[in-house]
Amino acid sequence: MNPGSSPVFQFFDADSTYSPSDLMGVWESDEQVGPVSFDISGSQPVNMQIWRANLPPDVNQAHSYLKAGIKQVELSRQILESVPSRLDQLREELGSGTSFGISDRFQPEAELVEFLANSEARAIGVSFSIADQFDFKVGETFTGLLHRLRNSFNKYAWVETRLGERLIARTAVDWSGDFHTAWTGDLDQAEAGLHSRTLRLALKTRDVLARMILIIARATVKISLLLSSPITAPLALPAAYKYVHAIMADQELIAFIRNKEHLNAK
Amino acid sequence: MPNEIEQTIKNVAEKIGKYIEDAATLTVQTDYLNTEGNPDFGQSRSAALTVIKLDGDCKTVVPVRQRDTGPAEIESGIFGLHQQNVSTAIEYRARILHALLEVIKQIRI
Numbered sequence: 007m008n009p010g011s012s013p014v015f016q017f018f019d020a021d022s023t024y025s026p027s028d029l030m031g032v033w034e035s036d037e038q039v040g041p042v043s044f045d046i047s048g049s050q051p052v053n054m055q056i057w058r059a060n061l062p063p064d065v066n067q068a069h070s071y072l073k074a075g076i077k078q079v080e081l082s083r084q085i086l087e088s089v090p091s092r093l094d095q096l097r098e099e100l101g102s103g104t105s106f107g108i109s110d111r112f113q114p115e116a117e118l119v120e121f122l123a124n125s126e127a128r129a130i131g132v133s134f135s136i137a138d139q140f141d142f143k144v145g146e147t148f149t150g151l152l153h154r155l156r157n158s159f160n161k162y163a164w165v166e167t168r169l170g171e172r173l174i175a176r177t178a179v180d181w182s183g184d185f186h187t188a189w190t191g192d193l194d195q196a197e198a199g200l201h202s203r204t205l206r207l208a209l210k211t212r213d214v215l216a217r218m219i220l221i222i223a224r225a226t227v228k229i230s231l232l233l234s235s236p237i238t239a240p241l242a243l244p245a246a247y248k249y250v251h252a253i254m255a256d257q258e259l260i261a262f263i264r265n266k267e268h269l270n271a272k
Numbered sequence: 016m017p018n019e020i021e022q023t024i025k026n027v028a029e030k031i032g033k034y035i036e037d038a039a040t041l042t043v044q045t046d047y048l049n050t051e052g053n054p055d056f057g058q059s060r061s062a063a064l065t066v067i068k069l070d071g072d073c074k075t076v077v078p079v080r081q082r083d084t085g086p087a088e089i090e091s092g093i094f095g096l097h098q099q100n101v102s103t104a105i106e107y108r109a110r111i112l113h114a115l116l117e118v119i120k121q122i123r124i
C-alpha cells in the first residue's frame, strides 16, 4: 500500500500494546514513530498517541488511501454494531435448550459455543490450578482493555499528515476534544483536504476502538451468564474478546456488507 | 490484580467527572506556518480561533486581509479550513460524550 518504507498509516502509543484488529486493520502500530521532539506550541508533548499519515506526493492517490481507510473503519463500526444482536440470538438459542454441541452456526458463534462447552467440561473436573492460571490471563486481558479505553479518553491525539517528504499539517486534540491545528501556509484546497481526512480517520478509529471495548465489556457480562460455574465465570472476558474479534475478522460478513453497499450505491 | 482493576475503574470515573467540567467549553485554534526556509511547527502563528460554550455562547476570531480601500476581507482559505476543524471537533465531542455515557452505564451494571 505504501510507496515508501513506512506504513501509510502509523500509530504510536508509548505505554500500551495494540493488535492490528484494535486499529481496524488500517493503522500499523509502530514503536519507531515517535515521540516527536516538539509540538505546536514549542513544548514537548507528553502522554500522547500519534496518528501519522505518510501519504504519497500524488494528491489524488493520497486521497484514495484516506478514503479507503475511512471506509474500512466505517465497515468495522458496522460489523461491531452487529455483535450485541448476534450474541443475544445465540443466548436465546442456548437458553431454549439447544445443546452446546450443535455446530451449524457461523464460525465466531461455533467457536464461542465450543469454548463454553470446553469450559463447562473443565469445571466438572474442578481444577483450581487451571482456574488460577486462567484468572491470571483474564486479569491481563482486562487491564489491557481498560488501559486502552483510558488512553482513548485520556491522551492527546497527535494527528500528522505528511505529503511525500513534507509535513503539511499537525493537529493536537486533547482528551476533551479541543483542537489546535497548525497548517503550512502554501497548501491548495485539495492538499488541505488531506489533513482534514487524516483527522477524521484518526478520530473515527479512536471512537470505534472505544466502542469495541465497551461492546466487549457488555458481551462479557452476557457470556458470563451462560457459564454455570464460578470457576469458569472469569473466562467470559477472553471468550468475549475472542468472539468480538472473530466477528470483526469474519470475511463472509465483510463481503456481505460490501456487497450490500455496492447494490445500494447503484 | 483486583486492586489494579479497581484503580483503573476509579481513574476512568474520575476522568468522566473531569471531562464533564472541561466540556463546558470547546476550543478550536488554527495556526499557519510560513514555509519559506525550514518550516518549524513550533513557530506557527495563530490565524483563527473559535470558543464554544455549553450555554450556547460562541466566540470566533476570524482571519482577515486588509485592503487599501473598503473593509477588510475574510481570508477565506484558512477560515474554510478552520470551519472544517470546528465541525470535526463538534462531532468528535458529541461522540466522546456518547461513549462516556456508555461507560457510566457499564460501571452501573
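Chains as they are written, first to last, in this note's numbering: chain S, 7 to 272; chain C, 16 to 124.
Every residue, glycine too, gets a C-beta built ideally from N, C-alpha and C.
Practice problem: Examine chain S for any beta-carbon lying closer than 8 Å to the beta-carbon of C:V43, and answer yes or no. | Solution: As a working note, residue 43 of chain C is residue 28 in the second sequence. Yes, its Cβ sits closer than 8 Å to a Cβ of chain S.
Exercise. Look at the alpha carbon of S:L81 and the alpha carbon of S:G75, and state the distance between them as a whole number of angstroms.
Key: Here residue 81 of chain S is taken as the residue at index 75 of the first sequence, counted from 1. Here residue 75 of chain S is taken as the residue at index 69 of the first sequence, counted from 1. Cα-Cα distance, rounded: 10 Å.
Exercise. Anything in the stretch 214-234 of chain S with a Cβ closer than 8 Å to a Cβ of chain C? List those residues in chain order, please.
Key: Taking 8 Å as the Cβ-Cβ cut-off against chain C, the residues of the stretch 214-234 of chain S that qualify are A216, R217, L220, A223, R224 and V227.
Exercise. May I ask which residues mark the beginning and end of the beta strand (DSSP E) holding S:L61?
Key: Your numbering for residue 61 of chain S matches position 55 in the first sequence. Looking at the DSSP string, the run of the beta strand (DSSP E) that includes S:L61 is M54 to L61.
Exercise. Report yes or no: is there a C-beta of chain C within less than 8 Å of the C-beta of S:S182?
Key: For the purposes of this step, residue 182 of chain S is taken as residue 176 along the first sequence, with counting starting at 1. Closer than 8 Å to some Cβ of chain C, the Cβ of S:S182 qualifies, so yes.
Self-check item: Where the alpha helix (DSSP H) containing S:T204 begins and where it ends
Solution: For the purposes of this step, residue 204 of chain S is taken as the residue at position 198 of the first sequence. First-last of the alpha helix (DSSP H) with S:T204: Q195 to S230.
Practice problem: Taking S:R206 as the query, report the chain C residues whose CB atoms sit under 8 Å from its CB, ordered along the chain. | Solution: As a first step, residue 206 of chain S is located in the first sequence; it is residue number 200 there, counting from the start. Within chain C, the residues near S:R206 are T103.
Quiz prompt | Bridge partner(s) assigned by DSSP for S:W189 | solution = For the purposes of this step, residue 189 of chain S is taken as residue 183 along the first sequence, with counting starting at 1. S:W189 is bridged to S:A175 and C:Y47.
Quiz item: From the DSSP output, which residues share a beta bridge with C:R60?
Solution: For the purposes of this step, residue 60 of chain C is identified with residue 45 of the second sequence, where counting begins at 1. The partner list for C:R60 (beta bridge, DSSP) reads C:Y47.
Self-check item: Enclosing alpha helix (DSSP H) for C:R82 [first to last residue]
Solution: In the second sequence, residue 82 of chain C corresponds to position 67, counting from 1. Run containing C:R82: none; DSSP gives neither H nor E here.
Practice problem: Given a cut-off of 8 Å, decide if C:D46 and C:A14 are closer than it, judged by their beta-carbon atoms. | Solution: What the structure shows of chain C is the stretch from 16 to 124, and residue 14 of chain C is not part of that stretch, so it cannot be assessed.
Quiz item: With respect to the alpha helix (DSSP H) encompassing C:L69, which residues constitute its N-terminal and C-terminal limits?
Solution: As a working mapping, residue 69 of chain C is identified with position 54 in the second sequence. Taken as a continuous stretch (DSSP letters only), C:L69 belongs to no alpha helix (DSSP H), as it is neither H nor E.
Practice problem: Show which residues of chain S have a CB atom less than 7 Å away from the CB atom of C:Q99. | Solution: For the purposes of this step, residue 99 of chain C is taken as the residue at position 84 of the second sequence. When 7 Å is used as the limit between beta carbons, C:Q99 is near these residues of chain S: S202, in chain order.
Quiz item: Would you say C:S59 faces chain S, with C-beta separation under 8 Å as the test?
Solution: Your numbering for residue 59 of chain C matches position 44 in the second sequence. Chain S, which has a Cβ nearer than 8 Å to the Cβ of C:S59, makes this yes.
Self-check item: Expected contact under 8 Å - CB spacing of S:F279 and S:Y24 to nearest Å
Solution: This structure gives no information on residue 279 of chain S, because the portion of chain S shown stretches from 7 to 272.
Quiz item: Just how far apart, CA to CA, sit S:L86 and S:I253?
Solution: Residue mapping note: residue 86 of chain S aligns to position 80 of the first sequence, counting from 1. Residue mapping note: residue 253 of chain S aligns to position 247 of the first sequence, counting from 1. Between the alpha carbons of S:L86 and S:I253 lies a gap of roughly 8 Å.
Quiz item: By Cβ distance, which residues of its chain are closer than 7 Å to C:E94, with the 5 residues on each side in sequence left out?
Solution: Here residue 94 of chain C is taken as the residue at index 79 of the second sequence, counted from 1. For the sequence presented, residue 94 of chain C should be read as Phe rather than Glu. Here C:F94 has A63, V77 and P78 as same chain residues with Cβ atoms under 7 Å from its own Cβ, once five neighbours each way along the sequence are excluded.
Exercise. Say yes only if the C-beta of S:P240 is nearer than 7 Å to one or more non-hydrogen atoms of the ligand GDP, and no if none qualify.
Key: With respect to the ligand GDP, the structure shown offers nothing to examine, as it has no ligands at all.
Practice problem: Out of S:R206, S:S182 and S:Q195, state which residue places its alpha-carbon closest to the alpha-carbon of S:Q78. | Solution: Stepping through the first sequence from its first residue, residue 78 of chain S is reached at position 72. Ranked by Cα distance from S:Q78, the first of S:R206, S:S182 and S:Q195 is S:R206.
Quiz item: Does any residue of chain S bring its CB to less than 8 Å from the CB of C:I89?
Solution: Taking the first residue of the second sequence as 1, we reach residue 89 of chain C at position 74. Not closer than 8 Å to any Cβ of chain S, the Cβ of C:I89 fails to qualify, so no.
Quiz item: Can you tell me the Cα-Cα spacing of S:F112 and S:V32, whole angstroms?
Solution: By 1-based counting over the first sequence, the position of residue 112 of chain S is 106. By 1-based counting over the first sequence, the position of residue 32 of chain S is 26. So the two alpha carbons sit approximately 25 Å from each other.
Quiz item: In whole angstroms, what is the alpha-carbon distance linking S:E171 and S:S12?
Solution: Numbered from 1 along the first sequence, position 165 holds the residue referred to as residue 171 of chain S. Numbered from 1 along the first sequence, position 6 holds the residue referred to as residue 12 of chain S. If you take the alpha carbons of S:E171 and S:S12, they lie about 12 Å apart.
Practice problem: Have a look at S:V89, S:H201 and S:L209 and flag the residue whose alpha-carbon is nearest the alpha-carbon of C:H97. | Solution: Position 82 of the second sequence holds residue 97 of chain C. Considering only alpha carbons, the answer is S:H201.
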